[in-house]
Amino acid sequence: MSPMRYRTAIRSKIRLPFPFRSHLYSSESRIECRSEPRSSFGIAFDIDGVILGGRAPIGGSPQALKKLYGDSGNLKVPFVFLTNGGGIPESRRAAELSEVLGVNILPSQVRFSTFSCSGTKVSNLWLCCLEFMGLRLADGNFGIALFRMQVVQGHTPFRTLLRRYENELIVAVGKGEPALVMSEYGFKKVLSLDEYASYFKDIDPVAQYKMWRTKEALYCSSHLEESVPRYDVYSDRVSAAFVVSDPVDWGRDIQVLCDILRSGGIPGWKNGNQPPLYFAADDLEYQAAFPSQRLGMGAFRIALESIFNRIHHSTLEYVSFGKPNPFVFKNSEALLAEFRPSQYDDHITNSGCSHSHGFRTLYMIGDNPLVDVKGAQQAGHPWFSILTRTGVFKGKDNHKEFPADMVVDTVEEAVDFILKREGTF
Ligand SMILES: [Mg+2]
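Under our numbering, think of the first position of the sequence shown as 51, with each following residue one higher.
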């Protein structure tokens with residue numbers, strides 16, 4: 051299967067194959083909450099428009115989160131943050147959230163496990179996906195890195211592509227530190243689009259008019275122009291482009307991405323096969339500090355796609371991760387299981403609740419019907435969607451196209467509802 055054909059697969063409704071579920075279920079490490087009540091439920095919180103408005107807490111989020119911890123400070127209810135945002139490593143985002151919200155959000159921890167697909171019913175599609183992700187080992191078994199983290203960002207699934215691009219030249223696009231994000235995932239030859247573009251003289255014909263650029267960026271840019279590229283960008287093709295976070299300079303980024311994608315990986319060269327292009331999310335709009343919604347990565351994708359398809363003989367091929375992709379929700383089930391008290395496994399087995407890592411209910415609390423609610427609906431059991439009115443959605447009643455299972459004003463109201471419903475309030 052070619053990489054781009056995978057787009058169809060990953061955007062459709064996906065059930066993880068048995069080996070994923072069974073192996074992740076048998077996790078050997080659990081969070082230290084042995085003295086706290088058992089939990090058959092977990093919560094995934096969206097961040098922008100639910101927990102934070104810009105950089106400030108909203109909707110009583112600090113108080114709401116504190117209710118998920120026991121008196122001893124240990125986690126009582128498994129929860130993760132599930133955001134399409136990003137641009138900084140997950141560990142740093144966890145530290146920032148801990149400081150702003152006053153609770154201890156765990157940074158990411160990784161361990162590697164292997165499993166065999168022999169003797170199990172795994173579709174050819176999933177075998178192709180595992181191959182595509184580079185998870186097949188030399189002995190024919192499959193290897194997968196298991197992550198224990200409380201912050202899942204839009205670009206977090208990019209780490210599953212490490213084996214494919216580990217030693218290939220790739221570019222990382224977006225605000226923050228996209229190249230650092232990819233480097234921390236293990237990619238060895240990654241350049242930010244800022245740095246990459248700086249090595250190509252006159253690639254941005256209007257750069258001199260960009261008076262809005264900060265002094266730091268100008269210094270960095272002029273410094274890079276004088277330096278020798280870390281990699282041979284003039285003959286080494288870009289193997290893939292990753293849009294890690296919201297692009298800052300749309301005009302320049304669209305220009306350079308078109309150069310890379312239609313030339314086959316080296317700007318200025320003749321037409322070649324398009325390198326793979328990955329987006330961390332596909333949100334058309336999102337709620338930030340400004341009262342009305344802001345254009346998101348999905349809007350950038352539409353702009354890039356529209357232009358590329360007008361200037362190139364074949365249409366743009368790409369893969370989008372992030373919510374509402376069901377893959378993200380299935381992955382969150384596995385992550386949440388890592389935070390469940392280990393004693394609960396016996397209870398799950400006895401109760402026959404053997405699906406979805408044993409959770410009876412997983413709550414998705416979000417502000418965007420097209421992203422959070424739609425994603426939870428597509429993921430199906432055991433997801434239960436709760437829509438807040440603190441972000442994108444501000445309606446009096448439920449959303450018409452993607453109605454949530456519950457609509458509340460704030461995240462604190464949502465948590466109170468969950469704890470009461472689950473009998474732990
Ligand atoms: Mg949101």
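Positions of the beta carbon are idealized from the N, C-alpha and C atoms, including for glycine.
Just so it is clear, the structure is predicted and the values come from calculations on it, not from any experiment.
Check whether the Cβ atoms of residue i and residue j lie closer than 8 angstroms to each other.
i, j, result
"P207", "F340", "no"
"R37", "Y235", "The requested residue 37 does not occur in the structure, where the chain is confined to residues 51 to 475."
"V240", "S248", "no"
"T387", "G416", "Note that residue 387 is Ala in the sequence shown here, rather than Thr. Their beta carbons are not under 8 angstroms apart, which means A387 does not touch G416 by this criterion."
"T133", "I155", "no"
"G137", "A331", "no"
"P326", "F250", "no"
"T411", "F91", "yes"
"E253", "D309", "Note on identity: in this sequence residue 253 is Ile, with Glu being the wrong assignment. Yes, these two residues count as a Cβ contact at 8 angstroms."
"Y368", "F329", "yes"
"L230", "P139", "yes"
Can you check DSSP and say which residues form a bridge with residue i?
i, result
"G416", "L437"
"V223", "V293"
"L241", "V221"
"P157", "DSSP lists no partner for P157."
"S370", "F329"
"D282", "D282 is not bridged to any residue."
"D98", "L102"
"E335", "L345"
"P107", "L102"
"G92", "L412"
In angstroms with no decimal places, state the Cα-to-Cα distance between residue i and residue j.
i, j, result
"I304", "L354", "6 angstroms"
"V201", "L125", "15 angstroms"
"Q343", "T438", "15 angstroms"
"M261", "S158", "39 angstroms"
"G224", "G348", "13 angstroms"
"D459", "R213", "43 angstroms"
"D333", "V150", "25 angstroms"
"K424", "D282", "43 angstroms"
"Y75", "V127", "Note that Y75 has pLDDT 27, beneath the 50 cutoff, so the model's placement of it is unreliable and the number below is only indicative. Computed Cα separation, rounded: 17 angstroms."
"Y259", "N381", "44 angstroms"
"T474", "A454", "23 angstroms"
"S356", "I93", "37 angstroms"
"A464", "G346", "26 angstroms"
"V31", "L102", "Residue 31 lies beyond the range of the chain shown here (51 to 475); nothing can be said about it."
"S141", "V153", "14 angstroms"
"L469", "H449", "24 angstroms"
"G120", "A429", "30 angstroms"
"F70", "V378", "The predicted model places F70 with a pLDDT of 31, which falls under 50 and marks its position as unreliable; any figure quoted below should be read in that light. Using only the alpha carbons, I get a separation of about 14 angstroms."
"M456", "V294", "31 angstroms"
"V256", "E245", "17 angstroms"
"I361", "E218", "27 angstroms"
"I352", "G123", "45 angstroms"
"P279", "S148", "37 angstroms"
"L307", "L211", "20 angstroms"
"R390", "P228", "32 angstroms"
Rank the options by C-alpha distance to the C-alpha of residue i and give the top, closest one.
i, options, result
"N418", "F95, V127, S90", "F95"
"E383", "H362, T365, Y413, S364", "Y413"
"L243", "Q427, E216, Q203, G315", "G315"
"N237", "P255, Q203, S289", "With the sequence shown as reference, residue 237 is identified as Phe, and Asn is not the correct amino acid for it. Ranking P255, Q203, S289 by Cα distance to F237 puts S289 first."
"E451", "L420, I352, S285", "L420"
"N375", "L307, A144, D422, V457", "D422"
"H363", "N323, V378, L385", "N323"
"W319", "D286, V294, P297", "D286"
"F129", "L385, R143, A426", "L385"
"N321", "E227, F358, F329, P297", "F358"
"P107", "E146, P139, P255, L307", "E146"
"R302", "F350, R280, V278", "F350"
"K40", "G135, R471, P279, R312", "Residue 40 is absent from the structure shown; the chain starts at 51 and stops at 475."
Open item on the list: Taking contact to mean 3 or more Cβ pairs, one atom from each stretch, closer than 8 angstroms, check whether the segment 420-436 and the segment 107-118 are in contact.
Closed with: no
Task: Inter-stretch contact (C-beta, 8 angstroms, three-pair minimum) for the segment 321-337 and the segment 437-454 - done: yes
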